[in-house]
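Protein chains in written order, with the numbering used here: chain X, 3 to 218; chain H, 680 to 1155.
Glycine included, each C-beta is placed from N, C-alpha and C at the ideal position.
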Amino acid sequence: MSKRASLLIVSFLCLSSMASAGTITYVVTVNTSSIAGTAGSLDFNFNPGPLVTQAASLQILGFSSDGTLAGGATLTGDVGGALPGTLTSDNGTAFNDYFEGFTYGTSLVFDVSLYGPALSSPDGTSTSGSTFAFSMFSDPAGTIPVLTSDTINGFAFTVDVNLDGTTTVTNSSSETTISPASTVPEPNDFLLLGTALAWWGALRFRQQRRRRATIS
Amino acid sequence: MAILGFHMSRGLSPRPSPAERVVLHIFPWPRSAQDLLRRNTLIALAILLCSSVSLRAQISCGSNCEIYDSAHYGGSGLAAKMAFVNAVQAMGAPLGQESFSPSNFPAGPYFSGIPLPGGVALLANDIVSNGPIPAGNNAEDTYTVMGVTGISDLYYIGFDFDIKPRPNSNPANVVVQVGIDYDSVTYSEPLGGFFGVVSSSSQPLNHSGISVFGITDDGASPENVGEVYLDNILYAGGPGISASNPLYPDSSSFCGEGAPACIFLVYIFELAAYFDPVTANTYIYQTLNGALFTSVGGFPSGFSSPFDVSSGGTDYGLFGPGETLTFPGGGVSHFTISGISPSVNGSSPTAFPVELGVNTIGAQVEAIALTAPQPISTKASGLAYSRVSQTFNGTLTITNISINSITGPFQIVLIALPTGVTVANSTGSYFGNPFITVPAVASLSPGQSATVNVQFKNRSNAKINFTPVVYSGSIN
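1) Would you decide whether A1046(H) is buried or exposed? Buried here means 16 or more other CB atoms lie within 10 Å of its CB.
2) Leaving aside the five residues before and after T1078(H) along the sequence, list all residues of the same chain whose C-beta is less than 6 Å from its C-beta, in chain order.
3) Hey, how far is the Cα of S1081(H) from the Cα of G1126(H)?
4) Using a Cβ-Cβ cut-off of 8 Å, state whether V171(X) counts as contacting chain H.
5) Mind listing the chain X neighbours of N1072(H)? Cutoff is C-beta to C-beta under 7 Å, in chain order.
6) Looking at the secondary structure, which residues open and close the beta strand (DSSP E) in which K647(H) lies?
7) Got a sec? Which residues, its chain only, sit under 8 Å from F139(X) by beta carbon, not counting five neighbours each side?
8) Which residues mark the beginning and the end of the beta strand (DSSP E) in which F112(X) is found?
9) Count the other CB atoms, across all protein chains shown, that sit within 10 Å of the CB of L724(H); report buried if there are 16 or more and exposed otherwise.
10) Is the CB of V163(X) under 8 Å away from at least one CB in chain H?
11) Drop a sphere of 10 angstroms on the beta-carbon of N1132(H), count the other beta-carbons inside from all chains shown, and report buried for 16 or more, exposed for fewer.
12) According to DSSP, what are the bridge partners of I1085(H)?
13) F136(X) to S91(X), Cα distance in whole Å?
14) Going along the chain, which residues of its own chain have a beta-carbon closer than 6 Å to the beta-carbon of N1104(H), five neighbours each way excluded?
15) Considering only C-alpha positions, which residue in the set G999(H), S1122(H), P1021(H) and G976(H) is nearest to P1088(H)?
16) Tell me which residues share the same chain as S66(X) and place their Cβ nearer than 6 Å to its Cβ, disregarding the 5 neighbours each side in the sequence.
17) Beta carbon of F1014(H), beta carbon of F1071(H): below 8 Å?
18) Looking at the structure shown, is V764(H) part of a helix, part of a strand, or coil, going by DSSP?
19) Classify L1075(H) as helix, strand or coil using the three-state DSSP reduction.
20) Starting from L60(X), follow its DSSP beta bridges and name the residues at the other end.
21) Rounded to a whole number of angstroms, what is the C-alpha to C-alpha distance between F1006(H) and Q965(H)?
22) Could you work out which residues of chain X lie near K1058(H), taking near to mean beta carbons separated by less than 9 Å?
23) Given that G144(X) touches chain H, what residues does it touch there, using C-beta distances under 7 Å?
24) So S974(H) and L997(H) are in contact, right, with Cβ under 8 Å, and what is the actual spacing, rounded?
25) Which same chain residues end up closer than 7 Å to S132(X) when comparing Cβ atoms and leaving out the 5 residues on each side of it in sequence?
26) From the DSSP output, read off the bridge partner residues of P1147(H).
27) Is P1007(H) helix, strand or coil by DSSP?
28) Mind pulling the chain H residues with CB within less than 8 Å of A96(X)?
29) Can a CB atom of chain H be found closer than 8 Å to the CB of P119(X)?
30) How close, in whole Å, do the beta carbons of L116(X) and T169(X) come, if the pair is a contact with beta carbons under 8 Å?
31) So, with DSSP's three-state summary, where would you put F1110(H)?
32) Please compile the residues from chain H whose C-beta is within a distance smaller than 9 Å of the C-beta of P124(X).
33) Look at the alpha carbon of G69(X) and the alpha carbon of Q61(X), and state the distance between them as a whole number of angstroms.
34) When DSSP labels each residue in this structure, what does S984(H) get in the three-state scheme?
35) Going straight from the alpha carbon of A766(H) to that of Y752(H), what length do you get?
36) Which value, in whole angstroms, describes the spacing of the CA atoms of E745(H) and L913(H)?
So this is what it looks like as structure tokens:
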């Protein structure tokens, strides 16, 4: 294998590891047994601040519950996907929101994954962070907060993306646990890793062919 | 000759006495007081004959002029003013504006008899307020509000007028007379509006001058005379027509020593006007009464680099002398000019004039000049939306980035918020801009920070942004 090719492969591998370093994931578990059977609603929103805000993205992954989603979710802003599948959002518009009716079971589990330049490479010049907020309501219209001590705004918990790339969790729900997950590579990381491995394999195959040709 | 119909708004109400009238005249300057008295007697008689019926009358102002006034266009006079401005601009003529009151009527101050620039002189006895006539005086009285003499080419003039109710609360009419034929327009109280007259180029308005009078006579003793006010006088040569003759802020008192920003207010009664606020390296312009900026241009020369123009998070790029930015989408409610280097010298009245295009006559424009460097920085968290409070919630954190301690209390003024975005938890308003007091912070030592919650109402989900300016000490 040539030195140049080896250098390229190593670079790809480094890039993939760097990209995953900026992703922060939380595992969220909510004990909803006290309101099991209640026809309520869930709200997820991820918004920029009012000053200069660096780009950031968010995914809601692995949503699972013995409750029932009502379907017909309301999506606002840069939000895509549908529960229980993966939700994806960025902070490109003022209001990025996913709202859906939900009949509570006994528990609710999902992952919140935050990534993007604001986390992986803070620019040092932005003056606003971004904030993710999760709320639960005991009515389908989303007006009566539940399982939270924040009766004014109704947030169960929020996650602030700070200007230095760190995050701050504010949990107002005693029924909710939020714990950091081990770093999970982003899809882009797999792509970079795969490309590097494929390239490495191709070069190995080419070298072996040359060697065989030389021997014969 | 233009003939315009109007509705005599007095209608079928009881016939007023001559004393219940206040009259504004625009007509050739009378040769003598006797002449004046004779003319006004005729006017009063004419009013007496006409004011008890509802009718549509015609007025003329000589053979070559048109009148644009509230009686014809209705409302508060804005439509009349717009028509007047359009007529003048259709002539390709310049139109300046002389304003005397930051908040318009009735707060004052008003026109005070100071000679207007541009060759328009005012008479020595110009007055803005007539007190009660001394007891026993039952004669008809005429009061000069504004006179224009000394120029031979006055083709158009317009002004807002306001006749304050008289102490006796009797209804009153105001008659605006134009030209030597004494044709009149009658108004009923509230006696406020706009009056403009435009002559053709072949015949200037003034034969020997133009004057505006207030006349009253209630036949009783003591007389109760209405107070006559004029403001926002539009005429050729007035301020705002060029970079060397810009509109000046109504007041500079909002810029205290050591203040992080100076705030200046001006009303623009033209569709484009040069406005020169104060010295700084960054200016923020915003409208306070719903108007929009349609363009900015006329950038001054002599600077080391072009100026950056931005609005609401959109950077429109760099602009220099000779260039004009037309804002897309009909206009913006605020914009920022930054990168002014070297900083302009505010001691010069023509330091940094720019031409502002607005979509509304009567736009109230505020210019905020940011001094640099700012001793306190402001940073913000993201904004979480609450379906309960229907607000976007976050925090603002201020940090003392100077080398000295700064004494509180600290007030964060949120300048240039988008239209429709309001601060739900503001402490108060500072010249139209909401501010939030950072609680329980007596002082900030160098590097020290303090945080305050902020809540925005934003029904249209517009991008929330603003320019923060932190004041130390009380601002009210």
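The short version:
1) Within the second sequence, the letter at position 367 stands for residue 1046(H). By the neighbour-count rule (16 or more Cβ atoms within 10 Å), A1046(H) is buried.
2) For this step, residue 1078(H) is matched to residue 399 along the second sequence. Counting only Cβ-Cβ distances below 6 Å, and skipping sequence neighbours, we find S1056 and S1128.
3) Here residue 1081(H) is taken as the residue at index 402 of the second sequence, counted from 1. Here residue 1126(H) is taken as the residue at index 447 of the second sequence, counted from 1. Taking the straight line joining both Cα atoms gives about 8 Å.
4) On the first sequence, position 169 is the one that residue 171(X) refers to. For V171(X), the answer is no, since every Cβ of chain H falls outside 8 Å of its Cβ.
5) Residue numbering aside, residue 1072(H) sits at position 393 when the second sequence is read from its first letter. Result: N155.
6) Residue 647(H) lies beyond the stretch modelled for chain H, which goes from 680 to 1155, so this question has no answer here.
7) Counting from 1 along the first sequence, the entry for residue 139(X) is found at position 137. The residues are G42, S43, L44, D45, T145, I146, P147, V148 and G156.
8) Indexing the first sequence from 1 puts residue 112(X) at position 110. Here the beta strand (DSSP E) through F112(X) covers S109 to Y117.
9) Taking the second sequence and counting its residues from 1, one reaches residue 724(H) at position 45. In this predicted model, L724(H) has a pLDDT of only 30, less than 50, meaning its place in the structure is not dependable; the value taken from the coordinates is given anyway. So L724(H) counts as exposed.
10) For the purposes of this step, residue 163(X) is taken as the residue at position 161 of the first sequence. So yes, V163(X) belongs to the interface.
11) In the second sequence, counting from the first residue as 1, residue 1132(H) sits at position 453. Residue environment analysis places N1132(H) among the exposed positions, since fewer than 16 neighbouring C-beta atoms fall within 10 angstroms of its C-beta.
12) Position 406 of the second sequence holds residue 1085(H). Looking at the DSSP assignment, I1085(H) forms a beta bridge with L1123(H).
13) Against the first sequence, residue 136(X) aligns to sequence position 134. Against the first sequence, residue 91(X) aligns to sequence position 89. The alpha-carbon atoms of F136(X) and S91(X) are separated by roughly 13 Å.
14) Locating residue 1104(H) in the second sequence gives position 425, where the first residue counts as 1. These residues qualify, in order along the chain: Q1134.
15) To locate residue 1088(H), count along the second sequence from 1; it is residue 409. Looking at the Cα atoms, S1122(H) is the closest of the given residues.
16) Residue 66(X) sits at position 64 when you count from the first residue of the first sequence. Cβ within range, chain order: V111.
17) As a first step, residue 1014(H) is located in the second sequence; it is residue number 335 there, counting from the start. As a first step, residue 1071(H) is located in the second sequence; it is residue number 392 there, counting from the start. By the CB criterion at 8 Å, F1014(H) and F1071(H) fall outside the cutoff.
18) Counted from its first residue, the second sequence places residue 764(H) at position 85. In the three-state reduction of the DSSP assignment, V764(H) falls in the helix class, which pools H, G and I.
19) Your numbering for residue 1075(H) matches position 396 in the second sequence. Note: L1075(H) maps to strand in three-state DSSP.
20) Start at 1 with the first residue of the first sequence, and residue 60(X) comes out as number 58. In DSSP, L60(X) forms a bridge with S91(X) and L116(X).
21) The residue given as residue 1006(H) occupies position 327 in the second sequence. The residue given as residue 965(H) occupies position 286 in the second sequence. The alpha-carbon atoms of F1006(H) and Q965(H) are separated by roughly 14 Å.
22) Translated into positions along the second sequence, residue 1058(H) becomes position 379. The contacting residues are G51, L53, S128, T129, S130, G131 and L165.
23) By one-based count along the first sequence, residue 144(X) stands at place 142. Close partners of G144(X) in chain H (Cβ separation under 7 Å): R1066.
24) The residue given as residue 974(H) occupies position 295 in the second sequence. The residue given as residue 997(H) occupies position 318 in the second sequence. The Cβ separation is near 16 Å, so there is no contact.
25) Within the first sequence, residue 132(X) is the residue found at index 130, counting from 1. The residues are F48, N49, P50, G51, T55, A58, N93, A120 and V163.
26) The count along the second sequence starts at 1 and reaches residue 1147(H) at position 468. Looking at the DSSP assignment, P1147(H) forms a beta bridge with L1093(H).
27) Taking the second sequence and counting its residues from 1, one reaches residue 1007(H) at position 328. Helix.
28) Position 94 of the first sequence, counting from 1, holds the residue named residue 96(X). Near A96(X) (Cβ distances below 8 Å), the residues of chain H are L1062, F1071, N1137, N1140, A1141, K1142 and I1143.
29) The residue given as residue 119(X) occupies position 117 in the first sequence. It does not; no Cβ of chain H falls within 8 Å.
30) As a position in the first sequence, residue 116(X) is number 114, starting the count at 1. As a position in the first sequence, residue 169(X) is number 167, starting the count at 1. Right, the Cβ-Cβ distance comes to about 6 Å (below 8 Å), so this counts as a contact.
31) Numbered from its first residue, the second sequence carries residue 1110(H) at position 431. Of the three classes helix, strand and coil, the one that applies to F1110(H) here is coil, per DSSP.
32) If you number the first sequence from 1, residue 124(X) lands on position 122. The contacting residues do not exist; P124(X) stays about 12 Å from chain H at best.
33) In the first sequence, residue 69(X) corresponds to position 67, counting from 1. In the first sequence, residue 61(X) corresponds to position 59, counting from 1. When rounded, the distance between both Cα atoms is 21 Å.
34) Start at 1 with the first residue of the second sequence, and residue 984(H) comes out as number 305. DSSP places S984(H) in coil when its eight states are reduced to three.
35) As a working note, residue 766(H) is residue 87 in the second sequence. As a working note, residue 752(H) is residue 73 in the second sequence. Their Cα atoms are separated by approximately 14 Å.
36) To locate residue 745(H), count along the second sequence from 1; it is residue 66. To locate residue 913(H), count along the second sequence from 1; it is residue 234. Taking the straight line joining both Cα atoms gives about 15 Å.
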